[in-house]
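Shown next, in structure tokens, is the structure this report addresses.
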Ligand SMILES: CC(C)(COP(=O)(O)OP(=O)(O)OC[C@H]1O[C@@H](n2cnc3c(N)ncnc32)[C@H](O)[C@@H]1OP(=O)(O)O)[C@@H](O)C(=O)NCCC(=O)NCCS
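Numbering (the working numbering), first residue to last: 5 to 357.
What follows is the structure in structure tokens.
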């Protein structure tokens, strides 16, 4: 049997949900171009497309609103969240560990509709993230519902639209590590909640969901464009990898990156963020000329989330908020196919003794 480390290049299953990186760059959800979806549709419509192949987002919106309001009114849930946050003082529980725990502890509801099952998990995740803001987050926008559940009540329409686009671009990405983990769990006929918990646990790792955090930390480590220029050349000299560049599947361009970069450009409004954006563009320019590498979604994605007011350790939880619909769609597809995923291993231990 042929061995491919990390399953690179191995076709590990069949899917109708998305295609990633055809001709080196495109991303399509059920045949629709994801970039067009950011222009023409909302996250709720795209979530419905990904889950049940329909761009009518009404059922998702209704279910999400119901569960989000129930979460706001659930005093025991709020107390549980606060208790979890105060674990591991002085820093508290990492928001990703908190999400994993809170989703895991949720009751599996009895519902016939896939949308309801997913919307409950999605609303729980968004409520937990919102609980980190110090201002009220209970006003829901009709147009950008999920985005509004994550941002404070005074967020502008522009901010809501930017986050809505980010969530669309995070929603689905083929057989990446967390989605594959979700499918492995689904393949044993385990429950949806357990499969999503596998996804969250897998996304937490820095080789997967954490690159946006590292990219912003890198940008923030420089005070000026000149400092950044010198610093990046030094890192490249030392053969260090620059976080937020390159991609395992896209070979020409990450199609999500220009959308995110445009939003950063539109939202920067003070000297600090303008300077940060200039530093980012300089790093981008050097990576292009020196390494012929393009920014992936995480490079400007981290900056966008920072611009929207999220702390760095909430970046990956926002990724969860977007991706939970992709994981769920893969869960349902895998259950439908009903094939246990059980690969073979190449034995490299001692010979018989
Ligand atoms: C994403 C990633 C793993 C894709 O890897 P890949 O396509 O398999 O490419 P490789 O890691 O094999 O790298 C190929 C070459 O490009 C270089 N390279 C790739 N990404 C680089 C980066 N971000 N910074 C500097 N050099 C990079 C490698 O050093 C290697 O150079 P070499 O041939 O001289 O050894 C890789 O680009 C990376 O680690 N990027 C940074 C992390 C990141 O942003 N992850 C989020 C992905 S969405």
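Glycine residues also receive a C-beta, built at the ideal position from the N, C-alpha and C atoms.
A quick note: this is a predicted structure, and the numbers were derived from the prediction, not measured.
Once DSSP output is grouped into helix, strand and coil, what is the label at residue i?
i, result
"residue 96", "coil"
"residue 91", "coil"
"residue 23", "strand"
"residue 344", "coil"
"residue 136", "coil"
"residue 155", "coil"
"residue 321", "helix"
"residue 7", "coil"
"residue 259", "coil"
"residue 60", "coil"
"residue 304", "helix"
"residue 30", "strand"
"residue 36", "strand"
"residue 249", "strand"
For residue i, which of the options has the nearest alpha-carbon?
i, options, result
"residue 39", "336, 263, 318 and 315", "263"
"residue 18", "278, 178 and 349", "178"
"residue 188", "129, 202 and 143", "202"
"residue 75", "8, 252 and 141", "141"
"residue 261", "29, 50, 208 and 9", "29"
"residue 343", "8, 16, 9 and 218", "16"
"residue 51", "20, 327, 137 and 186", "327"
"residue 308", "286, 269, 293 and 292", "269"
"residue 218", "35, 173 and 316", "316"
"residue 73", "128, 83 and 85", "128"
"residue 97", "243, 356 and 318", "318"
"residue 306", "167, 239 and 291", "167"
"residue 185", "208, 297, 265 and 289", "208"
"residue 296", "250, 258 and 266", "250"
"residue 267", "162, 176, 11 and 253", "162"
"residue 160", "339, 353, 253 and 313", "313"
"residue 339", "247, 190 and 169", "190"
"residue 275", "78, 69 and 228", "228"
"residue 294", "220, 301 and 246", "246"
Below 8 angstroms CB to CB, which residues in the same chain sit around residue i once its five sequence neighbours on both sides are set aside?
i, result
"residue 212", "180, 181, 182 and 206"
"residue 55", "64, 118, 119, 122, 329, 332, 333 and 336"
"residue 204", "100, 103, 104, 107, 182 and 324"
"residue 192", "344"
Sorted by chain position, which residues of the same chain lie with C-beta nearer than 7 angstroms to residue i's C-beta, five sequence neighbours on each side aside?
i, result
"residue 214", "320"
"residue 32", "22, 23 and 38"
"residue 164", "145, 148, 151, 152 and 155"
"residue 277", "311"
"residue 85", "106, 132 and 135"
"residue 232", "226, 283, 286 and 287"
"residue 130", "72, 150, 153, 154 and 325"
"residue 169", "42, 263 and 267"
Identify, in the order they occur along the chain, each residue of the same chain with its Cβ nearer than 6 angstroms to the Cβ of residue i, setting aside the five sequence neighbours on each side.
i, result
"residue 112", "195 and 197"
"residue 48", "61, 64, 65 and 149"
"residue 341", "none"
"residue 172", "41, 42, 47 and 50"
"residue 57", "34"
"residue 272", "278 and 281"
"residue 255", "28"
Ligand 1 heavy atoms versus the CB of residue i: any closer than 7 angstroms?
i, result
"residue 100", "no"
"residue 207", "no"
"residue 248", "yes"
"residue 121", "no"
"residue 252", "yes"
"residue 215", "yes"
"residue 302", "yes"
"residue 245", "yes"
"residue 295", "yes"
Take the Cβ of residue i as the centre, count every other Cβ of all protein chains shown within 10 Å, and call the residue buried at 16 or more, exposed below.
i, result
"residue 92", "exposed"
"residue 299", "buried"
"residue 125", "buried"
"residue 71", "buried"
"residue 116", "exposed"
"residue 94", "exposed"
"residue 6", "exposed"
"residue 304", "buried"
"residue 356", "exposed"
"residue 81", "buried"
"residue 234", "exposed"
"residue 265", "buried"
"residue 45", "buried"
"residue 258", "buried"
"residue 352", "exposed"
"residue 10", "exposed"
"residue 110", "buried"
"residue 79", "exposed"
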